[in-house]
Amino acid sequence: MKVRIDGEETTALEGQTVAGVLLGRGLTSWRTTRGSGRPRGVFCGIGVCFDCLVVVNGVADVRACQRLVRDGDDIRVQHGAELPS
Amino acid sequence: MSRVVVVGAGPAGMAAARAAAQAGTDVLLIDSGARLGGQYHRQDTRAGTERFTLPARVEHLAESVVWALEPVAGGHRVHVRTGPADGPGRSGRSIDTPALVLATGAFDRALPFPGWDLPGVFTAGAAQALAKGQGVRVGERVLLAGTGPFLLPVARSLLDVGAEVAGVLEAGDPVTGWLARPGGGLSAGIGKLGELAGYASVLARQRVPYRRRTTVIEAHGTDRVESVTTARLRPDWTVVPGSARRVEVDAVCVGFGFTPQLELAVAARCALADGFVTVDAAQATSVPGVFAAGELTGIGGAELSAAEGEIAGASAARLLGAHPAPPVRALRKARRGRRFAAALDAAYPVRDGWRTWLREDTLVCRCEEVTYGELRGAAREREVCGGRALKLVTRAGLGPCQGRVCGRAVAELTGIPDAAATFARRPIAAPIRLGELAEEPTL
Ligand SMILES: Cc1cc2nc3c(=O)[nH]c(=O)nc-3n(C[C@H](O)[C@H](O)[C@H](O)COP(=O)(O)OP(=O)(O)OC[C@H]3O[C@@H](n4cnc5c(N)ncnc54)[C@H](O)[C@@H]3O)c2cc1C
Ligand code: FES
Chain V
1 MKVRIDGEET TALEGQTVAG VLLGRGLTSW RTTRGSGRPR GVFCGIGVCF DCLVVVNGVA
61 DVRACQRLVR DGDDIRVQHG AELPS
Chain R
1 MSRVVVVGAG PAGMAAARAA AQAGTDVLLI DSGARLGGQY HRQDTRAGTE RFTLPARVEH
61 LAESVVWALE PVAGGHRVHV RTGPADGPGR SGRSIDTPAL VLATGAFDRA LPFPGWDLPG
121 VFTAGAAQAL AKGQGVRVGE RVLLAGTGPF LLPVARSLLD VGAEVAGVLE AGDPVTGWLA
181 RPGGGLSAGI GKLGELAGYA SVLARQRVPY RRRTTVIEAH GTDRVESVTT ARLRPDWTVV
241 PGSARRVEVD AVCVGFGFTP QLELAVAARC ALADGFVTVD AAQATSVPGV FAAGELTGIG
301 GAELSAAEGE IAGASAARLL GAHPAPPVRA LRKARRGRRF AAALDAAYPV RDGWRTWLRE
361 DTLVCRCEEV TYGELRGAAR EREVCGGRAL KLVTRAGLGP CQGRVCGRAV AELTGIPDAA
421 ATFARRPIAA PIRLGELAEE PTL
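Each protein sequence line maps, in turn, to chains V and R. Each residue of the first sequence is one higher than the one before, counting from 1 in UniProt numbering. Each residue of the second sequence is one higher than the one before, counting from 1 in UniProt numbering.
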């Protein structure tokens, strides 16, 4: 299946998590913190820490380690606290 | 009509569901994951097939998170959202049950240290979950640090996915700990010791260094981990002067034991002791109609979790009028497992000296970016006492993880006596979008 990561199209496999796809592409961070804009990626890997938040199909605050990718997903970096648009 | 509801499909929850079904009751088994298995039996979600089969009486609700729990007449109401993690587009449903089994497991305990917020610092469990569940290695050259036997299977999994393991650093001194208690509870865990010996021999063959009384005290890098500082530890875990060494790695994984996933048990008002849910021999909690099994009740590994699950499932079925045979074997296994768990706990204590690894600017609460200095300031100068006041003044524990990651550290650093009671009270147990909340018919 095809997904987009920050605008760039890439292939993903059924059953991969968003974090699995991102880490597999060599990325280690895809979010900045609300306070000091520091980069974050996966920390706990099991949905507990909320470090891995990412924007999927325009919706912010999706845990990349928990969300399974779907064909056509548009995944992008999350900057600080993003409000619903 | 009425059925047993089991939350969590790890070793404990699956065993509970099986036992209740075998006793002739219908079961609803709910887990946020896509597959059965929980942590220990985590399946690769990329594989097309489900490894486990359950009796026909068990309905498995996958990708379903229990986000709230409330008492109702004759039992509890379980609020569930089913669908892609964190929504939107999930469907909601609420189920009432007179017999609820909580088997929500545990997560890694991480201790804060300078640089632990850099990308490339993972929990040991994250490395394990990504290796087992996604075939992903968290780094090319990885160092493991922490305490407890769990570091060994993680090192093994990292090797399996092609990472170089630069070393396994055990902060404690377990060998003297074990030898100091001959004939103690560790001999109750012969099976587990065999499994651990297996990992140890793989590490030896692959020439992975294993160092005791050593840990990672700092991670370095600008936007990700580039190297770490390791140091030898004294028995109280303060650093041996002059022992610091710089090691180049692109990932470091830390794990200092586990913290139970308590929020549903707390929502049900189950009594806790030492941070775990209190249960009797039948796995009944202090709340009628609520049973708990697995690492929620103590950290003792998958086998103990499964034994407790079997007992809990039988107890829950009995409450619904079934007549299961007494789970004699599971009761024996659980007794033995608890002895082993107590011995492990004694062999791998977390010592207070970790507090000396922190600096004023070290983050303790990762979500709200609250530093050690700010916490100390609040606790000492402003004389903030009590967990609630401290949270409101510093915001520690008020971010999205709700203190799951920092709660125990914040409590220990500021002298709050009861971390679990202060930080595990989360009426909304899992995140839910406002739109979803608006749709909820029953709240
Ligand atoms: C990341 C991680 C990896 C581990 N890997 C290993 C390993 O490889 N080897 C080993 O010996 N030990 C491992 N452990 C230790 C492990 O905790 C136990 O050995 C064992 O899995 C515990 O079983 P359990 O049934 O109590 O809980 P778990 O196996 O943790 O299962 C709990 C389940 O509950 C679900 N859950 C929790 N809250 C909710 C909710 N609100 N709604 C819906 N579902 C929920 C979770 O999704 C999870 O599937 C690991 C622990 C962690 C944290
Ligand atoms: S990495 Fe912790 S929630 Fe995803």
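Beta carbons: idealized from backbone N, C-alpha and C, even for Gly.
Worksheet item: Under a CB-based cut-off of 8 angstroms, is R/Gly-120 close to chain V?
Response: Position 120 of the second sequence, counted from the start, is the residue given in the question as residue 120 of chain R. Output row for R/Gly-120: interface = yes.
Practice prompt. Using 7 angstroms as the cut-off, classify the Cβ of R/Ala-106 as near or not near the heavy atoms of ligand 1, replying yes or no.
Written response: Taking the second sequence and counting its residues from 1, one reaches residue 106 of chain R at position 106. For R/Ala-106, the Cβ falls inside the 7 angstroms cut-off from some heavy atom of ligand 1.
Practice prompt. Check the Cβ-Cβ distances between R/Gly-115 and every residue of chain V, and say whether any is below 8 angstroms.
Written response: What you label residue 115 of chain R is simply residue 115 of the second sequence in a count that begins at 1. No, no contact with chain V.
Worksheet item: Of the residues that make up the segment 389 to 423 of chain R, which ones have a beta carbon closer than 8 angstroms to any beta carbon in chain V?
Response: From the segment 389 to 423 of chain R, only Gly-399, Pro-400, Cys-401, Arg-404 and Val-405 have a Cβ closer than 8 angstroms to chain V.
Item to complete: From the DSSP output, read off the bridge partner residues of R/Pro-71.
Response: The residue you call residue 71 of chain R lines up with position 71 of the second sequence. For R/Pro-71, DSSP records a beta bridge to R/His-76.
Item to complete: Taking only beta-carbon positions, decide if residue 444 of chain R is within less than 8 angstroms of chain V.
Response: No answer is possible for residue 444 of chain R: it lies beyond the span of chain R, which begins at 1 and ends at 443.
Worksheet item: Does DSSP put V/Thr-11 in a helix, in a strand, or in coil?
Response: Mapped onto the first sequence, residue 11 of chain V falls at position 11. Of the three classes helix, strand and coil, the one that applies to V/Thr-11 here is strand, per DSSP.
Discussion item. Extract the residue ranges of the alpha helix (DSSP H) inside the segment 294 to 363 of chain R, only unbroken runs of 4 or more that lie entirely within it.
Written reply: With a minimum length of 4 residues, the continuous alpha helix (DSSP H) runs that stay inside the segment 294 to 363 of chain R are 302 to 319 and 328 to 347.
Discussion item. I believe R/Leu-413 touches R/Leu-363 by the beta-carbon criterion, under 8 angstroms. Please report the beta-carbon distance rounded to the nearest angstrom.
Written reply: Within the second sequence, the letter at position 413 stands for residue 413 of chain R. Within the second sequence, the letter at position 363 stands for residue 363 of chain R. Contact doesn't hold; Cβ gap of about 12 angstroms is too wide.
Item to complete: Within its chain, find whatever has a CB closer than 7 angstroms to the CB of R/Gly-397; leave out the 5 residues flanking it on each side and keep chain order.
Response: As a position in the second sequence, residue 397 of chain R is number 397, starting the count at 1. Cys-365, Lys-391, Gly-403, Cys-406, Gly-407, Val-410 and Phe-423.
Practice prompt. Going by DSSP, name the residue or residues bridged to R/Ile-99.
Written response: Here residue 99 of chain R corresponds to residue number 99 of the second sequence, with the count starting at 1. Here the sequence assigns Ala to residue 99 of chain R, which means Ile is not the residue at that position. BP columns for R/Ala-99 point to R/Val-4.
Discussion item. When you compare the CB of V/Leu-83 with every CB in chain R, is at least one pair closer than 8 angstroms?
Written reply: As a position in the first sequence, residue 83 of chain V is number 83, starting the count at 1. Cβ-Cβ to chain R under 8 angstroms: no for V/Leu-83.
Item to complete: Return yes when the C-beta of R/Asp-117 is under 7 angstroms from any heavy atom of ligand 2, and no when it is not.
Response: Locating residue 117 of chain R in the second sequence gives position 117, counting from the first residue. Judged by the Cβ position, R/Asp-117 fails to qualify as a neighbour of ligand 2 at the 7 angstroms threshold, every heavy atom of the ligand being at least this far.
Discussion item. Below 8 angstroms on the Cβ atoms is my contact criterion, and I expect R/Ala-334 with R/Glu-308 to pass it. Report the Cβ-Cβ distance as a whole number of Å.
Written reply: The residue given as residue 334 of chain R occupies position 334 in the second sequence. The residue given as residue 308 of chain R occupies position 308 in the second sequence. With a Cβ gap of about 5 angstroms, R/Ala-334 and R/Glu-308 count as contacting.
Worksheet item: In three-state DSSP terms, what is R/Leu-179?
Response: Numbered from 1 along the second sequence, position 179 holds the residue referred to as residue 179 of chain R. The pLDDT assigned to R/Leu-179 is 41, lower than 50, so where the model puts this residue is not dependable, and the model offers no usable value.
Discussion item. Let me check you understand the geometry: is the CB of R/Leu-365 closer than 7 angstroms to at least one non-hydrogen atom of ligand 2?
Written reply: Position 365 of the second sequence, counting from 1, holds the residue named residue 365 of chain R. The amino acid occupying residue 365 of chain R in the given sequence is Cys; Leu does not appear at that position. False, no ligand heavy atom lies under 7 angstroms from that Cβ.
Discussion item. Here's the rule: buried if 16 or more other CB atoms are within 10 angstroms of the residue's CB, otherwise exposed. What is R/Leu-158?
Written reply: Taking the first residue of the second sequence as 1, we reach residue 158 of chain R at position 158. Classification of R/Leu-158: buried, given that the 10 Å Cβ count is 16 or more.
Worksheet item: In or out: R/His-79 buried (at least 16 other Cβ within 10 Å) or exposed?
Response: Position 79 of the second sequence holds residue 79 of chain R. Under this definition R/His-79 is a buried residue.
Item to complete: Residues of the segment 360 to 372 of chain R with a CB closer than 8 angstroms to any CB of chain V: list them in chain order, please.
Response: Arg-366, Cys-367, Glu-368 and Glu-369
Worksheet item: Can you list, in chain order, the residues of its chain whose CB lies under 8 angstroms from that of R/Leu-179, leaving out five sequence neighbours each side?
Response: Position 179 of the second sequence holds residue 179 of chain R. Residue confidence is low: R/Leu-179 scores 41 on pLDDT, short of 50, so the model does not pin down where it sits. No coordinate-derived value is stated.
Discussion item. List, in chain order, every chain V residue whose beta-carbon is nearer than 9 angstroms to that of residue 520 of chain R.
Written reply: In the structure as shown, chain R begins at 1 and stops at 443. Residue 520 of chain R is therefore absent and cannot be evaluated.
Discussion item. Using the three-state DSSP reduction, which class does R/Leu-443 fall into: helix, strand or coil?
Written reply: Taking the first residue of the second sequence as 1, we reach residue 443 of chain R at position 443. Reliability of the predicted coordinates at R/Leu-443 is poor, the pLDDT of 46 falling under 50, and no value is obtained from them.
Practice prompt. In angstroms with no decimal places, state the Cα-to-Cα distance between R/Phe-276 and R/Ala-438.
Written response: Against the second sequence, residue 276 of chain R aligns to sequence position 276. Against the second sequence, residue 438 of chain R aligns to sequence position 438. Distance between the alpha carbons of R/Phe-276 and R/Ala-438: 33 angstroms.
Discussion item. Once DSSP output is grouped into helix, strand and coil, what is the label at R/Ala-251?
Written reply: Position 251 of the second sequence holds residue 251 of chain R. Note: R/Ala-251 maps to strand in three-state DSSP.
Worksheet item: Can you find a CB in chain R that lies within less than 8 angstroms of the CB of V/Gly-75?
Response: As a first step, residue 75 of chain V is located in the first sequence; it is residue number 75 there, counting from the start. Checking the displayed sequence, the identity of residue 75 of chain V turns out to be Ile instead of Gly. Chain R, which has no Cβ nearer than 8 angstroms to the Cβ of V/Ile-75, makes this no.
Worksheet item: With 8 angstroms set as the bound, which would you pick, yes or no: does the beta-carbon of R/Asp-86 sit closer than that to a beta-carbon of chain C?
Response: Note that chain C does not occur in the displayed structure, where the protein chains are V and R.
Practice prompt. Would you mind reading off the limits of the alpha helix (DSSP H) that contains R/Tyr-40?
Written response: Within the second sequence, the letter at position 40 stands for residue 40 of chain R. Here R/Tyr-40 belongs to no alpha helix (DSSP H), and DSSP marks it neither H nor E.
Practice prompt. State buried or exposed for V/Ala-81, treating a residue as buried only when at least 16 other CB atoms are found within 10 Å of its CB.
Written response: Looking up residue 81 of chain V in the first sequence gives position 81. When all chains shown are included, V/Ala-81 counts as exposed.
Item to complete: Give me the Cβ distance between R/Leu-304 and R/Arg-338, rounded to the nearest whole Å; I'm assuming they're in contact under 8 angstroms.
Response: Start at 1 with the first residue of the second sequence, and residue 304 of chain R comes out as number 304. Start at 1 with the first residue of the second sequence, and residue 338 of chain R comes out as number 338. Contact flag correct, Cβ pair sits at about 7 angstroms.
Worksheet item: Does any CB atom of chain V fall closer than 8 angstroms to the CB of R/Thr-45?
Response: Reading the second sequence from its first residue, position 45 is the one you call residue 45 of chain R. Chain V contact via Cβ: present.
Discussion item. Could you tell me the alpha carbon to alpha carbon distance between R/Val-121 and R/Pro-112, rounded to whole angstroms?
Written reply: Along the second sequence, read from residue 1 onward, the residue named residue 121 of chain R stands at position 121. Along the second sequence, read from residue 1 onward, the residue named residue 112 of chain R stands at position 112. Inter-residue distance for R/Val-121 and R/Pro-112 is about 11 angstroms (C-alpha atoms, whole angstroms).
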